[in-house]
Amino acid sequence: MADANFDIVIVGAGIAGCTLARALARQGRRILILERSLEQPDRISGELLQPGGVCGLKDLGLEDCLEGIEATPVKGFHLYWKHEQATFWFCSPAIANGSEVETGRSFHHGRLVANLRSAIREDPTVTLIEATACEILRDDPTGRVIGIKCSKGNGDLVQKYFGDLVVLADGRYSNFRSQFSPYKPKANSRFWGLELLDAQLPLRDYAHSVLGSGPPLLLYQLGNRETRILIDIFNRDFAHLGDQSAVKSYILERVLPTLPAEIQDNLRVAVNNGRLRSMANSWMPARRTRVSGLVMLGDCANMRHPMTGSGMTVAIKDAILLADLLRVDIVPDLRDSALVLKQLEAFHWKRKRHSATLNILAHCLYHLFASEVLVKSLEIMQRGFIQFIQGGPKNFAQPVALMGGIIEKPFLLFYYFFRIAIFSISTHLRSARILDFPLARGPALLGDSPQVYQGLKLHFNLDLVIKLRF
């Protein structure tokens with residue numbers, strides 16, 4: 001193929017790239033999407049899609065991509081914390097009895113991506129090519145990004161593709177991010193993953209999480225027979241363990257006893273016979289695109305801890321929003337750099353309505369239950385969180401809708417942070433019978449008030465939230 005011109009060139013045919021291609025193709029834009037390998041991906045991340053992401057696929061006409069891959073409904077989460085349990089489910093915040101609404105899905109990541117690629121191939125204005133992007137092309141006088149140079153096969157064939165807009169959606173290990181952003185992914189821990197065969201989770205169609213007995217564990221069904229377990233291990237702890245053999249021993253000695261009895265044998269078999277893999281639990285703030293002709297999307301642009309499984313949901317919502325802001329009736333000519341940059345600035349701020357909610361929630365929940373600073377105040381906040389959830393849908397309907405990407409209201413999230421914090425402190429004081437004493441004696445009995453303050457600081461960690469620029 002000779003050098004070709006397109007309206008938009010997308011680098012990366014993952015979740016973000018495929019959904020953006022579909023959204024833009026619906027407008028009649030001519031799309032080229034480049035992917036290094038069109039083999040089905042094999043990875044342990046991107047396996048849980050929140051309800052907001054499911055709704056996004058439906059909006060794009062891609063709901064059929066969830067069929068035929070053994071995708072399992074995720075109605076909610078069941079939590080184990082020390083000797084207590086709590087269950088929450090996705091429900092309508094407007095209905096007092098907590099009636100169910102759209103569910104999430106869990107699945108093998110590669111199967112969904114393969115279906116998405118097949119779906120966009122059918123769009124007449126989309127061209128999907130297997131090639132490795134090796135250079136971003138710029139216009140010398142202006143510095144404007146104008147296309148991509150890529151190689152095919154063993155690298156002997158070099159091809160240039162030109163586009164009025166180039167979208168980098170090449171994931172967390174992007175080869176080009178550093179050219180346009182000072183931010184680098186940071187990770188303090190890794191998820192170590194195994195597949196459990198024929199495990200029967202206590203609650204069918206619910207993800208399960210074990211908290212408060214060390215770094216968090218996450219379990220969810222991948223298919224008819226497979227269940228994923230993800231085990232969070234701090235980098236410093238892995239450095240002490242040294243290798244995978246030591247990690248397996250750690251799992252058998254420290255993790256296995258914390259799991260429900262009915263799946264402990266399944267984990268033991270998986271440790272001895274399965275494939276243990278890991279991924280970095282990276283986070284990275286978003287940065288506004290200031291380079292003419294270019295925008296970054298998906299994990300290339302913004303990451304959060306995967307504890308809440310919201311990464312794909314953010315990517316899908318970003319793709320829908322970006323395509324809407326670049327509609328033909330708004331931006332008839334993508335070569336209009338000033339207008340495109342104006343719309344990309346609007347994208348940067350408008351996406352915070354959903355991305356800030358999901359990013360901050362993932363960050364704060366992880367640091368609440370997996371802080372490297374172990375103090376009594378953390379237990380106070382953790383217990384309060386669990387007991388708040390135990391209060392039923394009247395307590396958790398809105399927070400769960402926020403986590404599921406159903407409601408997009410960052411300030412509502414902060415309202416619940418304060419509400420749960422106050423609930424936790426009051427519950428702790430009542431359990432210590434401090435509130436039963438006259439007010440004059442109260443301060444003298446509030447022996448751990450500095451710890452309560454430290455718990456609030458760890459729970460909110462607002463200074464770090466601000467630095468993250470979600």
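For the sequence shown, full-length UniProt numbering gives the first residue as 1, with consecutive numbering after it.
Backbone N, C-alpha and C define an ideal beta-carbon position, used for all residues, glycine too.
- The beta-bridge partner set that DSSP reports for F191 consists of D232, M279.
- Taken through DSSP and simplified to helix, strand or coil, D7 comes out as strand.
- With a contact defined as Cβ atoms closer than 8 Å, L334 and D7 qualify at about 6 Å.
- Counting along the chain, S92 sits inside no alpha helix (DSSP H), nor does DSSP assign it H or E at all.
- Inter-segment contact for the region 105-115 and the region 242-259 is absent: fewer than three beta-carbon pairs are separated by less than 8 Å.
- Separation of the CB atoms of L196 and I229 is rounded to 6 Å, and the pair is thereby assigned contact status at 8 Å.
- DSSP places M312 outside any beta strand (DSSP E); the residue lies instead in the alpha helix (DSSP H), whose first and last residues are 311-325.
- When K350, S151, L222, R117 are compared, the shortest CA-CA separation from L49 is found for L222.
- Distance check between M403 and each of F88, Y173, I15, Q387 places F88 closest, using alpha-carbon atoms only.
- A Cβ-Cβ distance of about 35 Å is found for the pair R236 and D198, leaving them out of contact under the 8 Å criterion.
- Q200 has no beta-bridge partner at all, per DSSP.
- If you check the CB distance, R254 and T125 do not come in under 8 Å.
- Between V167 and L20 a beta carbon distance of about 6 Å is seen, short of the 8 Å cut, so the two are scored as contacting.
- For R383 and F162, the gap between their C-alpha atoms comes out near 56 Å.
- Here V328 has Q27 as same chain residues with Cβ atoms under 6 Å from its own Cβ, once five neighbours each way along the sequence are excluded.
- Across the structure, F414 and V269 are spaced so that their CA atoms are roughly 43 Å apart.
- A Cβ-Cβ contact shorter than 8 Å links G405 with G53.
- The beta carbons of I15 and A315 sit closer together than 8 Å.
- In the structure shown, D164 adopts extended strand secondary structure according to DSSP, grouped into three states.
- Taking K352 as reference, the option from I330, M279, Q159, R287 with the minimal CA-CA separation is R287.
- Residues I33, E35, R117, L128 of the same chain have their beta carbon placed closer than 7 Å to that of A13, with the five preceding and five following residues left out of the count.
- The straight-line gap separating the alpha-carbon atoms of L252 and S337 is approximately 57 Å.
- With a cutoff of 8 Å on beta-carbon distance, G171 and D299 are scored as near each other.
- Assignment of F88 by DSSP, reduced to helix, strand and coil, places it in the strand class.
- By the neighbour-count criterion, in which 16 or more other beta carbons inside 10 Å mark a residue as buried, H363 falls on the buried side.
- It is roughly 23 Å from the alpha-carbon of M307 to the alpha-carbon of G391.
- Beta-carbon to beta-carbon, K82 and T103 are separated by about 28 Å, too far to satisfy the 8 Å threshold.
- In the DSSP assignment, the residues bridged to G147 are L137, F162.
- Residue pairing of V269 in beta bridges, as defined by DSSP: absent, with no partner found.
- DSSP places M403 in the uninterrupted alpha helix (DSSP H) bounded by 393-403.
- The beta-carbon distance between A370 and P257, rounded to whole angstroms, is 18 Å. This is too long to meet the 8 Å contact definition.
- In this chain, the beta strand (DSSP E) harbouring Y206 covers 206-211.
- Shown here, L412 sits in a helix according to DSSP, grouped into three states.
- Contact between S178 and L79 is ruled out by a C-beta separation of about 38 Å, above the 8 Å threshold.
- For the set L297, E345, A187, the Cα lying nearest the Cα of S278 is the one of A187.
- Residue pairing for H78: DSSP places it in a beta bridge opposite T87, H208.
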